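In the numbering used here, the protein residues as written are 9 to 259.
Just so you know, even glycine gets a beta-carbon here, dropped at the ideal spot from N, CA and C.
Since we're looking at a predicted model, the values are computed, not measured.
Everything on this sheet refers to the single structure shown next.
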C-alpha cells in the first residue's frame, strides 16, 4: 500500500539528505513499533548515519510489546550509548516505540538530549489497534507506580519533545499523538501512513532539522513560510478522541 510507495521514494529521500543540515555525531537510539524490529528502522538509521549521527537500533529483536524485563534492558542500552559517547542520546520512537522512548526519557532525563515520536498514540493509546497492550505498559520505566496509566503516559517530559503525526495515519487516531504545546514541546503534521512515516521525505526532513539543533538551544520547528501559529503545531486542547471517532479511525 502507501507504505511501500513511501519506502520506494528513493529520489525524494536523496534530495532531503542533500538539503539537510549535517549532524554533530551524537548518538541516536531508534525504537521500532509493535511487531517490528531493527529491520523496520534501518532506512531511517541509514539516513541519519549519512548525516553523521551515530544512529543505533534497539537490538532487542521484534517489539512484542512490554515484557517484564523491557524497562531494564532499555535502560542498559541507553546507559551503554551514553557512557560510550559521553554525550546525551536522542531518542526516536515509532508508534509503540515512541511510548517506550518517552518513558525511557522520563526515567533517564540526565542521559537524553531530545525525544522524537512518529505516530505515537501516547495521549490515548486505546484509540489504536495497540489498545490491548495498555495493561502491560506498567512494566516500562516509572509507570509501575502510576495509579492512572493513561494520565501517566500524557505527562510532559522534562526534555525537548517533538511529536510527528498524520491525519491520514490509518492505524492510530492523529489526535491521540498530540503533546500539550509548551516551550520544549511541539506537534508537527506530516503526510503519509502509519507504517510508512519513518520513510516519508517530509518526516525525514523534520527529524534531520530537529537533531541538528545545538544541544541546549532547542527551538520550535518552523517550516519554510510558516507563521508563528503554525510553528507551534496542533493544539490538543480539544483533541480528546471520542470513542466512535477512534473506532472509525482504527477500523
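- A straight-line Cα-Cα distance of about 8 Å links residue 229 and residue 214.
- DSSP places residue 200 outside both helix and strand once states are collapsed to three, so it counts as coil.
- When 56, 117, 71, 75 are compared, the shortest CA-CA separation from residue 86 is found for 117.
- Of all alpha-carbon atoms in 77, 82, 171, 220, the one lying nearest the alpha-carbon of residue 128 is that of 171.
- Out of 33, 74, 29, the CA that lies nearest to the CA of residue 40 is found in 74.
- A Cβ-Cβ separation of about 6 Å places residue 131 in contact with residue 162 under the 8 Å criterion.
- Excluding sequence positions up to five before and after residue 217, its CB lies within less than 8 Å of the CB of 28, 29, 229, all in the same chain and listed in chain order.
- The Cβ-Cβ distance between residue 212 and residue 47 does not fall below 8 Å.
- Going by beta carbons, residue 71 and residue 45 fall inside the 8 Å limit.
- The distance from the Cβ of residue 89 to that of residue 37 is about 6 Å, consistent with a contact at the 8 Å cut-off.
- Across the structure, residue 100 and residue 115 are spaced so that their CA atoms are roughly 16 Å apart.
- Going by DSSP, residue 121 is part of no alpha helix (DSSP H) but of the beta strand (DSSP E) stretching over 120-126.
- Residue state for residue 116 is assigned as coil, using DSSP reduced to three classes.
- Relative to the Cα of residue 178, the nearest Cα in the group 203, 96, 80 belongs to 203.
- Put simply, the backbone Cα of residue 94 is about 17 Å away from that of residue 60.
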